[in-house]
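Take a look at the structure below.
2 protein chains.
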Amino acid sequence: MTDFNLPGLVNAHSHAFQRAMAGLAEHQTDPADSFWTWREQMYRYAGLIEPDDLQAIAAQLYVEMLKSGYTAVCEFHYLHHQRDGRPYADAAAMSRALIAAANETGIDLCLLPVLYMQGGFDGRALSARQRRFGHEVDAFLRLVETLRRDESDALQIGIALHSLRAVPPEAMHAVLAAESERDRPIHIHIAEQQAEVDECLALRGTRPVAWLLDHAEVDARWTLVHATHLSAPEVQALANSEATVCLCPTTEANLGDGLFPMPEYVAAHGGFSIGSDSHISVSPVEELRLLEYGQRLRLQRRCIAVGAEEKSVGRFLFDQSLAGGHRSAGARIAANASRITLDVAHPLLAARSDSEMLDTWIFSGNVPLVRDVSVRGRDVVRDGHHIDEERIARRYIETVRRWSQR
Amino acid sequence: MTDFNLPGLVNAHSHAFQRAMAGLAEHQTDPADSFWTWREQMYRYAGLIEPDDLQAIAAQLYVEMLKSGYTAVCEFHYLHHQRDGRPYADAAAMSRALIAAANETGIDLCLLPVLYMQGGFDGRALSARQRRFGHEVDAFLRLVETLRRDESDALQIGIALHSLRAVPPEAMHAVLAAESERDRPIHIHIAEQQAEVDECLALRGTRPVAWLLDHAEVDARWTLVHATHLSAPEVQALANSEATVCLCPTTEANLGDGLFPMPEYVAAHGGFSIGSDSHISVSPVEELRLLEYGQRLRLQRRCIAVGAEEKSVGRFLFDQSLAGGHRSAGARIAANASRITLDVAHPLLAARSDSEMLDTWIFSGNVPLVRDVSVRGRDVVRDGHHIDEERIARRYIETVRRWSQR
């Protein structure tokens, strides 16, 4: 039997440090637990992390990503400063920790330094726990320029606006003006929670996606992360913009965000990528499967995400999320060669034709079926093991044990 | 670090042969694809299978179950006869194939021979593809009695009614009368699809669960599989009956069934078990996680399935599905000792306290974290490998390759 190879997928939305808290926010703290009570737990965790910790966690996470079939990651990176909110001596120290983790594991990185300025649409100041995230526009642009000196085949530096609620309109315009001549990815969290939609309606008189499309030149450089809550006109306008929507199905389920109007958006020829976001799961097949399953549960039908010609759900989801991931990560990374090789000797795949392979990989469960992974010609996963996984796991365990033993 | 042990879970609903078609029904055959178009594909597959094939498939599946943390399985077994509908020379040949697969892998088996008599509520005859499933009541009861001669610590023989639509009321009463003095599990598929509810309302004037509760003495012996579509009075009456609801979240998502009213049922103190059913995934953690995630998406909240005192979602889901699984599988199997040992040296678990372990196991992804499994004192999984997995995988691969090469 010959090998079955695929290009590697892009994990288009990652907050690497959150991998270390996977499973720690699954106990009820309030009968009305929600995204917002989760966020307080996440902030507490974010408060623990120093640059060396971030590298240790991110490297472990990137090993897991590579083993699962992701060969590139977009880091939506807002954990910039010291615990008291002052910049590190090297203002890019946290960014460099992520770059170092990508380098040592071999994954391609689109690093998106995040602009985060205020605590809500009303312009309130950052809370004590948000101070590690904050920048004025000038300092933010300096960080971006500093990091761009190190761009390479394996490293793209885009930018991100945390969300409409965290970035005032004038700051958004200043950053976008500075970025206007650049062909770099621009990401933003948007319309993830109904409360955000309601607040935007109350304070800006329109819904978040509609507001963004009205106030920025949203084009193919843009990735809108989540975009869960959309009106029908927003679905159409967003698809027309040529922006990419990054869907994070496992996190959106874990956080109770709601369901994106997938079939409507696909019918409007909208493009999408996928991300594991909070990393309560690290698996492209679980993201893609849950993306389809959410729609099946919503509509009480089957085999929903297909194209006009492509009737295999697995093939359609793979091809679309691959193309969308390349847009989310930018041209530099999209140009790189990557290869994942499925384990066709595994009982689950052993009797599948090539045309059945993707459906089976995505819709047959949780057993690891990626055998080998290569990025830019470098074999980083062989026979299911990353080439440096033992050292990286040891360092990760030492890091997280320190917190648990306090 | 000391081991972290748990009792093994019961997979309370399995159609073993369907594991071999995982991934083969994920291409659109009709824009209105549904459970009903899926069922035609499944019937085509069922038509291929002979007793030796069934043993090969079930053994591979049971190996996967044991490795994922299930130590017992309830087989809802309706594939009884030869392709033309005539019984095999040994009318129990297919049942014996499942028993042999359980024996060789070491999993505890609650075998539920299924009574299947008609093609719908209107009493229409079985279709050509359903003929392998059919029995008259007398022949069905003879099969059950024959199989009960072989009951043992590891083998419980319950009974199942396929569904209200497949069993006429008088046949149901006859079988339940014969079973009335027995303390054995009784399973039934019910209210999985809205179309079934609609047909029951049209032809019997009431909803399926309400009809069953009115026409049978539903008690703690009963497992109602799916029960997806329930009215508020049905939720309360079902919880009061002390029956167990078997939820199959991955299959119910894959088939677009809809979402069970979990928080309402838990508030009414209803008990539940879990099953992997069509086996498009074989993992208790994915079942439990998706059970909770479906509710989070429906209600746009977090941490929903908890008890009055137990606030860990993972602990609550584990304990409840363990207790419910023991009821679904019956007292004989519930009395057996089983143990699964998590791999506490794995980076994901290495820094978790005992109280965090279940949340982390269930809510951190897809990496196999079960290290060792023991059933009735026999070590069947060691260091992540089943003791006979290579032989069983080879036989499985030969079996499914035969079909793919035609």
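Chains E and X, in that order, are what the protein sequence lines are. Just so it is clear: in the first sequence, position 189 is 189 by the working numbering, and no numbers are missing. Take the position in the second sequence, starting the count at 1, then add 406; the result is the number in the working numbering. Note that CB positions come from ideal geometry on N, CA and C, so glycine has one too.
Leaving out the 5 sequence neighbours to the left and right, which residues in its chain are closer than 6 angstroms to residue i when beta-carbon positions are compared?
| i | result |
| --- | --- |
| N772(X) | none |
| T435(X) | T443 |
| N660(X) | I686 |
| A56(E) | R395, Y396 and T399 |
| R204(E) | W211 |
| L341(E) | A small correction: the amino acid at residue 341(E) is Thr; Leu does not occupy that position in the sequence shown. The residues are D3, N5, R371 and D372. |
Report the three-state DSSP secondary structure of residue i (helix, strand or coil).
| i | result |
| --- | --- |
| Q811(X) | coil |
| P292(E) | According to the sequence displayed, residue 292(E) carries Glu and not Pro. Residue state, collapsed to three classes: helix. |
| N254(E) | helix |
| L224(E) | strand |
| S152(E) | strand |
| D53(E) | helix |
| A865(X) | The structure shown does not extend to residue 865(X), since chain X is modelled only from 407 to 812, so the question has no answer here. |
| H279(E) | coil |
| R412(E) | This structure gives no information on residue 412(E), because the portion of chain E shown stretches from 1 to 406. |
| I793(X) | coil |
| S637(X) | coil |
| I798(X) | helix |
| I304(E) | coil |
Listing by chain order, which chain X residues have their CB less than 9 angstroms from the CB of residue i?
| i | result |
| --- | --- |
| T360(E) | A428, G429, L430 and E432 |
| N366(E) | S474, S687, V688, S689, V691, E692, G771, N772, V773 and P774 |
Within the same chain, show all residues whose beta-carbon is closer than 8 angstroms to that of residue i, passing over the 5 residues directly before and after it, in chain order.
| i | result |
| --- | --- |
| D52(E) | A97 and T399 |
| D214(E) | T206 |
| P169(E) | H215 |
| T634(X) | A597, E598, Q599, E658, D663, G664, L665 and F666 |
| R124(E) | Q118 |
| Y522(X) | Y484, L532, Q536, F539, G540, H541, H568, A572 and V573 |
| G429(X) | I686 |
With a threshold of 7 angstroms on Cβ separation, who are the neighbours of residue i within its own chain once the five nearest residues in sequence on each side are excluded?
| i | result |
| --- | --- |
| G384(X) | Shown here, chain X extends from 407 to 812; a query on residue 384(X) therefore has no answer. |
| P208(E) | L164, I190, A191, E196, V197 and C200 |
| T360(E) | L348, L349 and R352 |
| L775(X) | L748, D749, H752, L754, L755 and W767 |
| A174(E) | V137 |
| E585(X) | I565 and I592 |
Any idea which residues DSSP pairs residue i with across the strands?
| i | result |
| --- | --- |
| I333(E) | For I333(E), which the question treats as bridged, DSSP gives no partner whatsoever. |
| F410(X) | L748(X) |
| F546(X) | Paired residue(s): none; F546(X) is not in a bridge. |
| C415(E) | Any question about residue 415(E) goes unanswered here, given that chain E covers just 1 to 406. |
| S718(X) | H27(E) |
| I803(X) | DSSP output for I803(X) lists no bridge partner at all. |
Under 8 angstroms Cβ-Cβ, which residues of chain E neighbour residue i?
| i | result |
| --- | --- |
| G475(X) | Residues of chain E passing the Cβ test: none, with the nearest at roughly 11 angstroms. |
| G664(X) | L297 and Q300 |
| R807(X) | A350 and A351 |
| S810(X) | A351, R352 and S353 |
| V712(X) | H27 and Q28 |
So which residues of chain E does residue i contact, with C-beta pairs closer than 9 angstroms?
| i | result |
| --- | --- |
| V719(X) | E26, H27 and Q28 |
| W444(X) | R302 and C303 |
For residue i, return the contacting residues in chain X, with the cut-off set at a CB-CB distance below 8 angstroms.
| i | result |
| --- | --- |
| I397(E) | P753, A756 and A757 |
By the criterion of Cβ-Cβ separation under 7 angstroms, what are the contact partners of residue i in chain E?
| i | result |
| --- | --- |
| Y699(X) | A253 and N254 |
| Q466(X) | P347 |
| Q600(X) | Q300 |
Chain X partners of residue i, CB-CB under 7 angstroms?
| i | result |
| --- | --- |
| C248(E) | Here the premise fails: no neighbours, minimum Cβ distance about 13 angstroms. |
| A32(E) | R707 |
| E356(E) | G429 and L430 |
| A393(E) | P753 |
Is residue i close to the ligand NAP? I mean its beta-carbon at under 6 angstroms from any heavy atom of the ligand.
| i | result |
| --- | --- |
| Q236(E) | Absent from the structure shown: the ligand NAP. Ligands present: none. |
Quiz item: Taking the runs of the alpha helix (DSSP H) that are 4 residues or longer, which of them lie wholly in the region 566 to 610 of chain X?
Solution: Restricting attention to alpha helix (DSSP H) runs no shorter than 4 residues, the region 566 to 610 of chain X encloses them at 575 to 584 and 600 to 610, ordered along the chain.
Practice problem: Tell me the start and end of each unbroken alpha helix (DSSP H) in the region 68 to 137 of chain E that is at least 4 residues and wholly inside, in chain order. | Solution: Restricted to the region 68 to 137 of chain E, the alpha helix (DSSP H) segments that are unbroken, complete and at least 4 residues in length are 93 to 105, listed in chain order.
Self-check item: Whole alpha helix (DSSP H) elements within the region 340 to 377 of chain E, 4-residue minimum
Solution: The qualifying runs are 354 to 362.
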